[in-house]
Amino acid sequence: MKKIYLILPILFILIFIFVMNMAFFIRPYIKSVPEQINQIENNIISGNWQQAQIELELFKKNVNNKMNWLQVSIERDEMDQMLLDISKLSGNIRINDTDNAITSLYEIRYNWDNLGK
Amino acid sequence: MFESFVVFVRGIIAFGTLLIFARLIGKQQISQLNFFDYIMGITIGSIAASLTIDLTSSAWPHWIGLLTWTIAVLLLQIITVKSRKASKYFDGEPTIVIMNGKIMENVLKKMRYRADDLMEQLRQKNVFDITQVQFAILEKDGELSVIKKPEFENVTKKDLHIQPGITGIATELIYDGIIIDANLKQTSHDRTWLFSELKKLNIQSTDEVFYMALNPDGTIYTDLYRDHIDNLIDITDPIKQN
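Respectively, the protein sequence lines represent chains Z and G. When the first sequence is numbered by the numbering used here, its final residue is 117 and no position is left out of the sequence of numbers. When the second sequence is numbered by the numbering used here, its final residue is 1242 and no position is left out of the sequence of numbers.
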């Protein structure tokens, strides 16, 4: 019984630490987001705007899904910035602006890589 | 971002962490609350509040702040327990403010402690006439300890050569209708004895008993759910009716 009193708080502390650093622990294992970024980049560079648009929609859904899980462990500004950059990318793909689309894409990649750090 | 959800989760983290850390810090925080302890309490509370609602930064740095302050408090506690010198330096020392019935003005001045404060604390100790005071000591936590002059001290049983009765702690036997067997065993009694005692008191079942305790002198205190009080005294303010 005494062991439970000792183990329980330690267990809770470990859970708290994990929840607070979920983005840090889990993000490296989420391969789908960087893969989608690469696919969108390739489509933009090759001028395949229609495919880039389709990939972007899938990317948005995926990011929103992942953000639901990671939101507890990240800053609100980090999340807002990421979503803003996705919006910018969406506009740039719509008007077929390669330079700005690539810039937005690199910002998204940077934000994702630094999420929860 | 579902802000409410994030605040809820972070609130649970802050609450749980505070609960665990407060247990680590121990009882000293409440029982010996000096000025520094007071500030520490506020700071730790403030960090926990930021951890809950400051969504502009992640929870982790706030939690590290909370951990740092808790470790600092623990370290300070360990140091002050191990070293008397450190204890005097960090926690201060008790100070005599009235010596042999004389107020130590220089001490009061040095401590920025007013005569009014002294009188107030004396009154809180039921001393309304300063001439009764032999010594008054201002403790580290700001409490005043008072020693009255012998002629103003209360008469004790020892002074009157009266044999004191048996004193001790009463043992709970029944709480909320449930028999506490461990306590019954501790008092070298069993359920048969308990039921016979209940019968003596004209109680049919333990369900009727809210509280029952065995006093050190062997007497039994019993409180039933039905107190049979006809005229209940109401001390609340009656609602004014126009």
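Backbone N, C-alpha and C fix where the C-beta goes; we use that ideal spot for every residue, glycine too.
Taking the straight line between their C-alpha atoms, what separation do you get for residue i and residue j?
i: G/F1021; j: Z/I93; result: 52 Å
i: G/G1011; j: G/T1052; result: 5 Å
i: G/S1205; j: G/G1142; result: 51 Å
i: G/V1073; j: Z/K3; result: 25 Å
i: G/A1213; j: G/I1178; result: 12 Å
i: Z/L11; j: Z/V19; result: 12 Å
i: G/H1062; j: Z/S73; result: 12 Å
i: G/Q1029; j: G/L1019; result: Unreliable placement is indicated for G/Q1029, whose pLDDT of 49 sits below 50; the coordinate value is still reported in the next sentence. Roughly 13 Å separates the two Cα atoms.
i: G/V1007; j: G/T1043; result: 20 Å
i: Z/Y110; j: Z/Q81; result: 11 Å
i: G/K1148; j: G/F1135; result: 7 Å
i: G/Q1124; j: G/K1199; result: 47 Å
i: G/K1109; j: G/L1067; result: 38 Å
i: G/L1118; j: G/G1092; result: 18 Å
i: G/M1104; j: G/A1115; result: 10 Å
i: G/G1165; j: G/I1235; result: 34 Å
i: Z/S46; j: Z/A52; result: 10 Å
i: G/T1171; j: G/T1187; result: 8 Å
i: G/I1071; j: G/G1065; result: 10 Å
If we count the other Cβ atoms within 10 Å of its Cβ and call it buried at 16 or more, is residue i buried or exposed?
i: Z/Q36; result: buried
i: G/Q1083; result: This sequence places Ser at residue 1083 of chain G; Gln is not what is there. G/S1083 is exposed by the Cβ-count criterion.
i: G/V1133; result: buried
i: G/I1174; result: buried
i: G/V1009; result: buried
i: G/R1023; result: exposed
i: G/T1017; result: buried
i: Z/N43; result: buried
i: G/I1098; result: buried
i: Z/A101; result: buried
i: G/I1078; result: exposed
i: G/I1047; result: buried
i: G/A1059; result: buried
i: Z/F16; result: buried
i: G/V1155; result: exposed
Since residue i sits in a beta bridge, which residues does DSSP pair it with?
i: G/F1135; result: G/M1099 and G/I1147
i: G/I1178; result: G/Y1175
i: G/A1243; result: One cannot answer for residue 1243 of chain G here, as it falls past the ends of chain G, which runs 1001 to 1242.
Heavy atom of the ligand FAD less than 7 Å from the Cβ of residue i, yes or no?
i: Z/I102; result: Questions concerning the ligand FAD fall outside what the structure shown contains, since it holds no ligand whatsoever.
message = Using a Cβ-Cβ cutoff of 7 Å, what residues of the stretch 1049-1075 of chain G are near chain Z? List them in chain order.
response = L1055, T1056, S1057, S1058, A1059, W1060 and W1063
task = Within the stretch 19-76 of chain Z, note down every full alpha helix (DSSP H) run reaching 4 residues or more, in order along the chain.
result = 22-26, 32-45 and 49-70
query = Taking a cut of 9 Å between CB atoms, which residues from the stretch 43-74 of chain Z lie near chain G?
reply = M67, N68, Q71, V72, S73 and I74
key: Near-chain Z residues of the stretch 1140-1158 of chain G (beta-carbon distance less than 8 Å), N- to C-terminal order   = none
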